[in-house]
Structure formats: structure tokens, C-alpha cells
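Engineer: Quick note on this note's numbering: the sequence shown kicks off at 84 and runs consecutively.
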Amino acid sequence: MSSKPDPQRMEKIVSLCKRRGFIFQSSEIYGGLNGFWDYGPLGVELKNNLKQYWWRVMVRERDDVVGLDGSILMNRAVWKASGHEDTFSDPMVDCRTCKARLRADQLIEKSGVKQCPNCGGKDLTEARAFNLMLKTFIGATEDESAVTYLRPETAQSIFVQFKNVLDTSRKKLPFGIAQIGKAFRNEINPRNFTFRSREFEQMELEYFCRAEQGLDLLAYWLKERLRFYQDIGITRQRLHVIDVLETERAFYSQGTFDIEYDFPFGRQELEGVAYRTDYDLMQHQKASGKSLEYFDEETKQKFVPHVVEPSAGVDRTVLALICEAYSEDEAPDEKGKMETRIVLRFHPRMAPIKCGIFPLLKNKEQLVAKAKEIVDLLRPQMNVFYDESGAIGRRYRRQDEAGTPFGVTVDFETLGEKDAALRDTVTLRERDSMKQERVKISELSQLLLTRVA
Ligand code: ATP
């Protein structure tokens, strides 16, 4: 896959996502809802694997990070203090010709003249600020006093709960609070499949520290986050780090890196890693009148900590995983003739189904019974899929398309009919190499667990 945009490849990916049950349009039978998506049976497994792995390496395997699960709706005062109510907006332009609403930075420019990307129209309004927060009302009266917003990021509940978490976890600086959860933005122009949605999930860490540690920790977290993407199967060459210029950073940030990925629709942001100084805690301390200070027992000093924030998108990473995994190669069909094979080469750790289990023939009771025994054996440890219908080659192909890294076939040798030494062994097929090995059923679960961990 090159870094050049490849709309055809993207079309194939979108259609595979629907055909195999990764991602569906929300409310599809009613014509859909622009910017909203539902994850199907395979998509939800992939997404859960990603979130669980993030939680494992960012929280559970570390002594210095604890978790939080905050509410989506918060007191409106939070969004006033954070600056979102006044400034969380994109510049919006209307095209008077086709009536499209456009983000000002998405206009195209020809010979110095700005044009509508939809119709080429040049009759455009001046840009005006459009607030991206989705407004709602709490309680029975729909007046100003009942207004709040669906959170546009998960981070604010971490800042607002900083003191409670500090007091109950008794962590010492530097330490972090992590959260995975839904966020909502009324994007002017949702596009590129799930990449820019109006409802999405974020995986955010707020890592609190002393001022003098901020820049070093920014570099540390950038490195950690790049390693994370490689550990879930994203090629380093398709990841790009942008050192965001001071003029383009939030005014309070002393350093921001964007991690971008070469999607088939172009190079786009997956995650932002930002050193936000003490801006967030200071804002909430000022607005709430409550101390958000940290007391250093050694120096006996009280101060408001600084923070480094790696903020990643679940949906964008799921999309990157699918784009990265999608490939076409050649494999023999039932008669040995080569045909095009679509295969999702997920890292086994991310794959929605870890192992397909197939009795060679569905009308041989003993084969079916043995295969179901293996399903019961593996099911408590991993997501497996039993399939008895169709020729074995077809069943392999279906699992290749779902990205299942391993396939187990129960055949007559498993029953010990040909060679007693092969009784209770199965064929284990690996998706990418299509290589097969003979494995004892008693060793299967341990072997698979080490390969999908
Ligand atoms: P963009 O410039 O693409 O709008 P952003 O810089 O506003 O993104 P942040 O506010 O830094 O994004 O949010 C952190 C992360 O949340 C992003 O890197 C992205 O992975 C995810 N994210 C933000 N907006 C969306 C969206 N509309 N749809 C899906 N994911 C999103």
C-alpha cells in the first residue's frame, strides 16, 4: 500500500466492512444518519480488542496510571471553564450555489480563488464560527438553565475529578488518569467513512507531572504511543509524526505532536500527544473555587500540576487497523486453480475471531462431535467460530476475509482411523502463510494463547 490516496481501495474496504459485518450505517433502514455508525458482530470484537489492549498497556501494566469512567453529561460550568463553550468551533462557510455547509479549511483554491469542493461554486459566505458541541437539555424544562452538552472529549471529567482520584489512589507525581469513552462533535462535514464521525470513542490519558518534567514526558509518551501502534500491527512506515508549529498549537500548549497514518484517503491524524501545561487544572480551580493543588510531602510545596495528554481515537484506530490489514493475494481454489483471495491480515492480538474450527465433513457425526468438543475447550479463553457448511477451502476463505489468524480442521486422522499415532491431533492452518501443522488437541489452547496474547 502506497501513501498516495487510493479511492478504489477505500471503496473495497467500505464494502467489505458492510458485507462481513464490521461496520454498518446507523439507522440504515431509515436512510441512515450522517456521521453515525454501528459496529456489527466482527466490528465490536475488533473494537473491544483494541480498547482492552490499550487499557492493559496504559493502565493495568503500569504502577503510575489509574482509570476513570466519567459521565457523558456534566455540569455546563465545566464547558464554560474549559473554554469549549466559547471557542470549541470550526470556521464554517456556506456555498450559495449548492447550499452545502463546508469547513473553511476544506474549500479548494484555483488560481487564488476559493471554490466549493462539491459544485465548484465561487459564491461563498464569509467564514463564521460554528460550535461543535451537541446541545441538550436536562430535566423537564427546555430553557437556558437546563442546557448542557454531550461531551466533545473525555478529558474534562479527568481534570474535574483530579482531586478525588488523587486523594483515593494516593498516587505521587508523576502519575496518570486514563479513560475510554464516547465523545460527540457536531462535525460540519462528517466524511471518510468512520474517520470523521459525530459520535466516536476516545482513549485518553492525562499524565500529571511537575512543570520541569513536561517536555521530557511529552517525548516519552510520543515514543510509547508509536510503539503501541506497532504492537497492534500498524507498520511504522505508515505512521508519521508532525511536530505542530507554535502558531498552530493551542495557546497554552508548550509542545504538540500529531501521529498521522496513511489512510487510503490520505494522511490523517490518529492521535494527538500534547503538553498542555497547567492550563486545564488552573481553569477549573479558578472557575470552581476549589483547590486542585498537589502537596509535595518532601518539599512541603503546594502547586497545580502540569499535564501531558496522549489522546487517541478508537474509531480512527479501528479504521487504520482494517485499512492496514486489507490485502488481496492469490490462493488455490478447490480444484487447485489460483483465485484472488481477500484477506484481512490483522495482528492475532486484534483479530475479532482468533480461531475457526471446522469438521472436515458435516455429515460425519464423530467429526462434528470432536470439533464441538474443541469449540468448548477454547471458548472460555478466546473468541472462536464453528463452521461446518461448504467445502473446507470455502470455509478457510470466509475466515481469511474476517481476518481470523488460525483455523483448526478435524479430519479422519483426528479420529485415529488412519494412524493411531495421529489420534486426537488436528490440522492447524495459519492465515497468512496458509501453512498447516499437526497439533495435539491437548496442546492447542496453550499454543494458541501464546500466539494471540
Ligand atoms: P481533527 O483535527 O481531525 O478534527 P482534532 O485535532 O480536533 O481532530 P482532538 O481534539 O485532538 O482531535 O481529539 C483527539 C482524538 O480524537 C483525535 O486524534 C481523533 O483520533 C479523535 N477524534 C476527534 N474528532 C473525531 C471525529 N470527529 N471522529 C472520530 N474521531 C475523532
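We put the CB at the ideal spot given by N, CA and C, even for glycine.
Given the structure is predicted, the values throughout are model-derived calculations rather than measurements.
Got a sec? Which residues, its chain only, sit under 6 Å from M84 by beta carbon, not counting five neighbours each side?
Structural biologist: With a pLDDT of 45 at M84, under the threshold of 50, the modelled position of this residue cannot be trusted, and the question is left open.
Engineer: Could you give the residue range of the beta strand (DSSP E) that holds I221?
Structural biologist: It is not in any beta strand (DSSP E) - I221 carries neither H nor E in the DSSP assignment.
Engineer: With a threshold of 8 Å, are at least 3 pairs of Cβ atoms found where one atom belongs to the stretch 84–97 and the other to the stretch 336–350?
Structural biologist: Yes, since at least three Cβ pairs between the stretch 84–97 and the stretch 336–350 fall closer than 8 Å, the two stretches touch.
Engineer: Applying the 10 Å Cβ sphere with the 16-neighbour rule, what's the burial state of I112?
Structural biologist: Its Cβ having fewer than 16 others within 10 Å, I112 is exposed.
Engineer: Spell out the partners DSSP gives P415 in its beta bridges.
Structural biologist: The partner list for P415 (beta bridge, DSSP) reads M421.
Engineer: Compare the beta carbon distance of G259 and Q285 with 8 Å and say whether it is the shorter of the two.
Structural biologist: No, they are not a contact pair.
Engineer: What number of angstroms, rounded off, separates the C-alpha of V387 from the C-alpha of V176?
Structural biologist: The alpha-carbon atoms of V387 and V176 are separated by roughly 40 Å.
Engineer: Need the endpoints of the alpha helix (DSSP H) that C438 sits in, please.
Structural biologist: Run containing C438: none in the alpha helix (DSSP H); it sits in the beta strand (DSSP E), 438–442.
Engineer: Please check the pair F283 and G396, which I expect to be a contact at CB under 8 Å, by giving their CB distance rounded to whole angstroms.
Structural biologist: The pair is a contact, with the Cβ atoms about 6 Å apart (cut-off 8 Å).
Engineer: Give every residue of the same chain whose Cβ lies closer than 6 Å to the Cβ of D494, excluding the five residues on either side of it in the sequence, and list them in chain order.
Structural biologist: Only L443 meet the Cβ criterion.
Engineer: Measuring only the C-alpha atoms, how far is G499 from D459?
Structural biologist: Between G499 and D459, the C-alpha separation is close to 21 Å.
Engineer: How far does the alpha helix (DSSP H) with T510 in it extend, from its first residue to its last?
Structural biologist: From DSSP, T510 is part of no alpha helix (DSSP H) but of the beta strand (DSSP E) over 508–513.
Engineer: Quick one: complete alpha helix (DSSP H) runs, 4+ long, within the stretch 149–209?
Structural biologist: The qualifying runs are 159–164, 167–170.
Engineer: Kindly indicate which residue of S528, T508, Q529 has the alpha-carbon position closest to the one of Q519.
Structural biologist: Considering only alpha carbons, the answer is T508.
Engineer: With three or more C-beta pairs closer than 8 Å as the rule, is the stretch 154–170 touching the stretch 367–378?
Structural biologist: Yes: at least three Cβ pairs fall under 8 Å.
Engineer: Smallest Cα separation from L217: which of C202, I241, E209, A266?
Structural biologist: Taking only the C-alpha atoms, the option nearest L217 is A266.
Engineer: Look up K385 in the DSSP assignment and say whether it is helix, strand or coil.
Structural biologist: K385 falls in the strand class under three-state DSSP.
Engineer: Please report the residue range of the beta strand (DSSP E) in which Y362 lies.
Structural biologist: That residue, Y362, is in no beta strand (DSSP E); its alpha helix (DSSP H) goes 362–371.
Engineer: Provide the residue span of the alpha helix (DSSP H) that contains L37, from first to last.
Structural biologist: In the structure as shown, the chain begins at 84 and stops at 536. Residue 37 is therefore absent and cannot be evaluated.
Engineer: Is any heavy atom of ligand 1 found at a distance shorter than 7 Å from the C-beta of S165?
Structural biologist: Not so, every heavy atom of ligand 1 lies at least 7 Å from the Cβ.
Engineer: Please determine, among N158, S110, G203, the residue with the shortest C-alpha to C-alpha distance to C178.
Structural biologist: If we check each option's Cα against that of C178, G203 comes out closest.
Engineer: Do you know how far the Cα of L353 is from the Cα of F559?
Structural biologist: Shown here, the chain extends from 84 to 536; a query on residue 559 therefore has no answer.
Engineer: Let me know the secondary structure DSSP gives E380 once reduced to three states.
Structural biologist: Three-state DSSP puts E380 in coil, outside helix and strand.
Engineer: Checking the sheet assignment: what are the DSSP bridge partners for N272?
Structural biologist: DSSP, once it has assigned bridges, lists no residue as partnering N272.
Engineer: Quick check: is any heavy atom of ligand 1 less than 7 Å from the C-beta of Q285?
Structural biologist: Yes, since a heavy atom of ligand 1 falls inside the 7 Å radius drawn around the Cβ of Q285.
Engineer: Under three-state DSSP, which class holds I106?
Structural biologist: Residue state, collapsed to three classes: strand.
Engineer: Following the continuous beta strand (DSSP E) through E231, name the residue where it begins and the one where it ends.
Structural biologist: It is Thr, not Glu, that sits at residue 231 in the sequence shown. Its beta strand (DSSP E) spans residues 230–233.
Engineer: Give the list of continuous beta strand (DSSP E) stretches no shorter than 3 residues that lie fully inside the stretch 457–535.
Structural biologist: Correct list: 467–469, 489–493, 508–513, 519–523.
Engineer: For ligand 1, I want to know if S110 counts as a neighbour, meaning its beta carbon is within less than 7 Å of at least one of the ligand's heavy atoms.
Structural biologist: No, since every heavy atom of ligand 1 falls outside the 7 Å radius drawn around the Cβ of S110.
Engineer: Checking the sheet assignment: what are the DSSP bridge partners for L322?
Structural biologist: BP columns for L322 point to Y344.
Engineer: Taking 8 Å as the threshold (C-beta atoms), are V390 and L301 in contact?
Structural biologist: No, these two residues do not count as a Cβ contact at 8 Å.
Engineer: Taking 8 Å as the cut-off, decide whether the C-beta atoms of M465 and N132 are in contact.
Structural biologist: It is not a contact, given that the beta carbons lie outside the stated cut-off.
Engineer: Compare the C-alpha of L116 against each of A536, T492, P273 and name the closest.
Structural biologist: Of the candidates A536, T492, P273, the one whose C-alpha sits nearest the C-alpha of L116 is P273.
Engineer: Relative to the C-alpha of F119, which residue among L305, L185, S280 is closest?
Structural biologist: Nearest of L305, L185, S280 to F119, Cα basis: S280.
Engineer: So, at 8 Å on beta carbons, what are the nonlocal neighbours of L532 in its own chain, with the 5 sequence-adjacent residues on each side left out?
Structural biologist: Q464, M465, listed in sequence order.
Engineer: Does the stretch 226–233 come within contact of the stretch 147–162, defined as at least 3 CB pairs closer than 8 Å?
Structural biologist: The stretch 226–233 vs the stretch 147–162: in contact.
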